[in-house]
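Colleague:
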Amino acid sequence: MDYYLHLLFIFLSWYGVSGFGSVRNTITTTQFLRDPDTLVSINTIFKFGFFSPINSTNRYVGIWYNKEVADAIEVVWVANRETPLTDSSGVVKISGIGNLQVLDGKNKSIWSSNVTTNYKANITSYVAKLLDAGNLVLHANDVIIWQSFDHLTDTLLHNTKLRLDDENHTPAFPRIASWKSSSDPSIGRFTAGLIHSRLPEIFVWDGDRPYWRSGPWYGNMFLGVKAMYYFAQEDGFDIENETGGTPILSFSSASRNVTEHYVLNYDGQLLKRDYSEANGSIGGYWFNLWWSVFSDCDIYGKCGEFGSCNSDHSPICSCLNGFQPRNNTEWNAGNWSRGCKRKTPLQKCGTVGGGEEDGFLRLRNTKVPENATWLYSEGEEDCRQTCLGNCACLAYAYYLGLGCLIWNETLIDIQEFTSVGVDLFIRVAHSELVVTKPQQQGKASKTKLILMIVMIGLATISVIMLIYCVWRRTNKRNGVTRVVRNKTLLQTSTPKDGTSKVEIGDLPVFGLEKLTIATDHFQDFNKLGRGGFGSVYKGKLEDGQEIAVKRLSKGSGQGLKEFMTEVLVISKLQHRNLVKLLGCCIEGEEKMLVYEYMPNKSLDALLFDSKYQKILDWKKRFNIILGICRGLLYLHRDSRLRIIHRDLKASNILLDGNFNPKISDFGMARIFGGNQDQGDTKRIVGTYGYMSPEYAMEGRFSEKSDVFSLGVLLLEIVSGRRNNLFKDEDSLSLLGYAWNSWNEGNILSLIDPTISESAFHGEILKCVQLGLLCVQEFPNDRPSVSMVISMIESEVTDLPSPSQPGFTQRRVGSPKLGQQNGDENCSVDRVSITVLMGR
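Each residue of the sequence shown is one higher than the one before, counting from 6 in the working numbering.
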């Protein structure tokens with residue numbers, strides 16, 4: 006009996022230490038970790054173990070976030086990044102001399118912590134432990150002798166340290182290094198580190214060449230990172246000095262959100278990443294909060310020496326004032342790498358009374374160039390004089406709280422921002438100065454200048470008042486009314502139809518400055534999308550509320566009409582499945598609409614992307630279908646107005662934080678009268694693949710036109726495939742493929758494999774049948790939206806049999822109509838010809 010108990014003890018001990026049936030966070034010298042076992046940190050934040058990257062069968066040992074995801078796990082550290090295992094025979098253990106090792110199936114060490122200590126003889130225990138910070142630590146007698154935080158790969162987690170990179174980039178001063186590709190964790194092209202030639206800066210290198218730089222450190226931010234001027238506290242960077250004065254960079258989110266981290270991607274982008282839960286269920290996803298290279302201007306030295314880059318200009322590169330291209334031919338051809346040279350040499354150093362003194366030209370709101378030297382200064386004028394008295398000084402800047410910066414070397418990697426940044430004063434010859442320096446002007450000159458300014462100002466005001474009086478008199482004759490507090494009439498300059506005047510009424514009005522700040526001056530990194538109306542930007546108000554701002558493209562006649570239609574329609578509607586309009590902005594030529602922000606973006610962004618499809622399980626998709634139907638029913642029958650949307654498609658279905666659908670984009674909508682059932686137009690607008698046959702070919706639209714679009718959406722949601730890009734060997738559209746599958750009894754071939762759970766087959770098949778009923782060729786054959794909802798929610802399975810859809814063949818032509826140009830006579834003929842070519 007004792008013998009069998011002894012065997013049982015050995016059996017249970019072996020499985021306990023190898024990870025079977027247990028969750029643990031440590032390894033000791035008597036334990037090991039066998040593939041696919043894992044360690045899990047005490048609060049289940051991180052895992053340590055074996056993994057394979059996406060599209061790879063190689064096995065690596067690493068640390069990753071313990072998050073359920075729809076695609077690849079978020080790996081933050083890799084041990085054997087240069088020596089992968091080719092099978093699942095790997096083991097992690099602590100050797101007898103206290104090194105953490107990865108062994109292959111032949112018991113050969115392919116990676117080791119390589120710890121050397123002088124007191125190993127006195128060590129009685131070694132323990133490797135995975136902490137909730139994502140740090141794997143190796144203890145000897147409770148003393149840390151090695152930790153993964155000292156051997157970073159491509160990621161900065163909370164409280165990791167990025168130490169100073171010395172001039173020779175030796176291993177004693179490590180950088181982080183990108184993966185070679187998304188499927189290969191070995192060291193790639195790009196590295197990142199902290200340099201301190203004069204002031205601390207983060208650099209990203211492509212091999213040995215600088216690729217991106219952060220600009221100098223300023224207490225809680227880097228002066229070359231535009232987003233940090235607005236969110237410095239949220240970025241959580243800090244630089245402190247170790248013993249001996251060596252600067253180290255650390256990161257910790259102000260929100261203490263442990264999932265936020267920085268990673269150097271294989272394409273050279275330094276990314277700030279975070280995790281989004283998927284409605285509390287399996288299948289969340291990782292997304293980018295910020296990335297380093299938003300435009301070409303962020304690439305190091307894009308415009309060469311003495312060149313300046315502005316992403317709002319075309320071309321983006323220009324020479325600094327007082328400079329000209331080194332090679333005009335190359336410069337005009339868009340090759341700016343050789344930069345610029347001075348037009349006029351500076352005054353010879355040491356010359357006394359031999360000519361006019363050099364001066365400075367101001368370049369406002371810049372990312373200052375590389376190689377700044379900090380000097381003690383009593384103020385801006387002292388800084389200026391210091392530079393002027395130094396023959397080698399090429400430029401200076403004085404930034405409150407930082408002090409005086411001067412540049413004695415070539416000026417490179419200058420970028421111009423819109424309203425943030427540092428004013429840079431560039432030294433030029435006297436002949437290049439546009440105005441005489443103020444300190445050289447006498448009091449008489451100052452008085453004359455002041456009088457001249459006052460006179461010009463009075464004259465300007467008089468002219469403006471005269472113009473205003475004439476304008477007001479003219480507009481009174483024409484019956485035009487403009488802004489009166491919150492009661493506003495919008496109108497086109499040449500009214501033609503019923504939508505030419507729109508009363509905003511009590512809709513809240515946002516100031517232009519407030520929206521400019523909220524969207525970071527409408528920068529591209531906040532752009533959510535673009536349409537015929539204009540662009541949509543993400544913003545954040547002072548109270549923390551996130552918003553989406555639709556900004557009308559200036560000079561867009563069609564965009565203005567859509568703007569007014571949207572105000573007219575959405576401001577009078579309120580439903581849980583319609584996007585909520587928060588207000589508008591009308592200042593000068595600027596016209597904007599402000600909406601609630603949808604954190605899960607649009608349906609098409611998830612539904613048609615293989616990386617995110619798994620997020621939308623069938624329960625979510627079914628809820629989305631019901632929500633779209635209810636929103637559409639409200640538009641057609643239950644609202645104060647009867648609305649035909651005319652552009653219902655996946656990209657116009659937005660998803661809130663719980664994946665509830667919100668119908669958006671009412672710029673093409675039409676309002677029907679009480680007894681009106683149908684409308685006609687000569688201008689066809691909408692999107693191929695979603696337009697009904699009678700609308701696309703004859704310009705007739707009705708509730709049944711929206712029902713056709715709804716049917717396309719149902720088939721797209723079930724199949725996970727886009728109708729207007731569907732590819733089939735028989736040249737069928739998605740509708741044609743669904744029709745054939747229905748007739749052949751092969752519906753399973755249509756269903757997205759990620760939702761093909763047998764428990765939901767009844768609901769899925771019903772939605773396919775309803776989709777086919779909605780896309781029937783003739784409007785009278787299609788059900789109303791209320792009938793669709795009734796059939797979806799009922800337990801009845803005996804539904805009407807559908808007839809053949811319209812547009813079963815794949816078509817050729819532009820995917821979008823009515824928004825590609827401003828032609829008011831965009832013809833039915835043109836649409837009909839395009840359709841007939843495919844039929």
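Don't be surprised by glycine CBs; every beta carbon is placed ideally from N, CA and C. Computed from a predicted model, the values in this text were never measured in an experiment.
(1) By the 10 Å Cβ neighbour count, where 16 or more other Cβ atoms means buried, how is residue 149 classified, buried or exposed?
(2) Would you kindly work out how many angstroms separate the C-alpha atoms of residue 792 and residue 621, rounded to a whole number?
(3) At the level of alpha carbons, what is the spacing between residue 192 and residue 276?
(4) Please return the same chain residues whose Cβ sits closer than 7 Å to the Cβ of residue 744, not counting the five positions on each side in sequence.
(5) Drop a sphere of 10 angstroms on the beta-carbon of residue 190, count the other beta-carbons inside from all chains shown, and report buried for 16 or more, exposed for fewer.
(6) Inspect the CB distances between the region 83–93 and the region 108–116 and report whether three or more fall short of 8 Å.
(7) Would a C-beta distance cut-off of 8 Å place residue 196 and residue 82 closer than the cut-off?
(8) For residue 216 and residue 720, I'd like the C-alpha separation in whole angstroms.
(9) Mapping DSSP to helix, strand and coil, what is residue 810?
(10) Out of 782, 804 and 539, state which residue places its alpha-carbon closest to the alpha-carbon of residue 773.
(11) Tell me, please, which residues DSSP counts as bridged to residue 279.
(12) Rounding to the nearest angstrom, what Cα-Cα distance links residue 569 and residue 545 in this structure?
(13) Taking the alpha carbon of residue 657 as the reference point, which residue from 646, 663, 673 and 403 has its own alpha carbon closest?
(14) For residue 246, which beta-bridge partners are listed by DSSP?
(15) Can you tell me whether DSSP reads residue 584 as helix, strand or coil?
(16) Can you give the beta carbon distance from residue 252 to residue 169, rounded, assuming they're within the 8 Å contact cut?
(17) For residue 795, report the span of its alpha helix (DSSP H) as first-last.
(18) Compare the beta carbon distance of residue 78 and residue 137 with 8 Å and say whether it is the shorter of the two.
(19) Report the partner residues of residue 597 according to the DSSP bridge assignment.
(20) Using a 10 Å radius around the Cβ and a threshold of 16 neighbouring Cβ atoms, would you call residue 459 buried or exposed?
(21) Quick check on DSSP: helix, strand or coil for residue 51?
(22) Can you tell me which of 423, 411, 363 and 401 puts its alpha carbon nearest to the alpha carbon of residue 318?
(23) Closest to residue 797 by CA distance: which of 671, 631, 784 and 571 is it?
(24) Please report the distance separating the alpha-carbon of residue 706 from that of residue 717.
(25) Would you call residue 121 buried or exposed, if buried means 16 or more other Cβ atoms sit within 10 Å of its Cβ?
(26) Distance check for residue 779 and residue 742, CA to CA, integer angstroms please.
(27) Classify residue 440: buried if its beta carbon has 16 or more other beta carbons within 10 angstroms, exposed otherwise.
(28) Could you round the C-beta distance between residue 206 and residue 220 to whole angstroms and report it? I think they count as a contact, below 8 Å.
(29) Beta strand (DSSP E) containing residue 142: first to last residue?
(30) Where in the region 692–774 do unbroken runs of the alpha helix (DSSP H), each at least 4 residues long, occur, reported from the N-terminal end onward?
(31) For residue 396, name the three-state secondary structure that DSSP assigns.
(32) Could you check which residue in 198, 528 and 388 has the C-alpha nearest to that of residue 232?
(33) Check the C-beta distance from residue 132 over to residue 33 and give it rounded, since I have them as a contact under 8 Å.
(34) On the criterion of 16 or more Cβ atoms from any shown chain inside 10 Å, does residue 461 qualify as buried, or is it exposed?
(35) For residue 617, which residues does DSSP report across the bridge?
(36) Applying the 10 Å Cβ sphere with the 16-neighbour rule, what's the burial state of residue 645?
Modeller: In short, the structure shows the following:
(1) Classification of residue 149: exposed, given that the 10 Å Cβ count is below 16.
(2) 25 Å
(3) 17 Å
(4) 777, 809, 810 and 813
(5) buried
(6) Contact between the region 83–93 and the region 108–116 is established, with three or more Cβ pairs separated by less than 8 Å.
(7) no
(8) 46 Å
(9) strand
(10) Measuring from the Cα of residue 773, the nearest candidate turns out to be 804.
(11) 292
(12) If you take the alpha carbons of residue 569 and residue 545, they lie about 24 Å apart.
(13) 673
(14) 252, per the DSSP bridge assignment.
(15) coil
(16) At roughly 5 Å, the Cβ-Cβ gap stays under 8 Å, so residue 252 and residue 169 are in contact.
(17) 790–798
(18) no
(19) 556 and 590
(20) Residue 459 should be labelled exposed.
(21) strand
(22) 423
(23) When 671, 631, 784 and 571 are compared, the shortest CA-CA separation from residue 797 is found for 631.
(24) 16 Å
(25) exposed
(26) If you draw a straight line from the Cα of residue 742 to the Cα of residue 779, it is about 15 Å long.
(27) Here residue 440 scores only 42 on pLDDT, less than 50, and its place in the model is too uncertain to base an answer on.
(28) 6 Å
(29) 141–145
(30) Taking 4 residues as the shortest admissible run, the region 692–774 contains the following complete alpha helix (DSSP H) segments, listed from N- to C-terminal end: 698–703, 708–724 and 739–748.
(31) coil
(32) Of the candidates 198, 528 and 388, the one whose C-alpha sits nearest the C-alpha of residue 232 is 528.
(33) Confirmed, about 5 Å.
(34) exposed
(35) Here residue 617 is not bridged, per DSSP, to any residue.
(36) Flag for residue 645 reads exposed.
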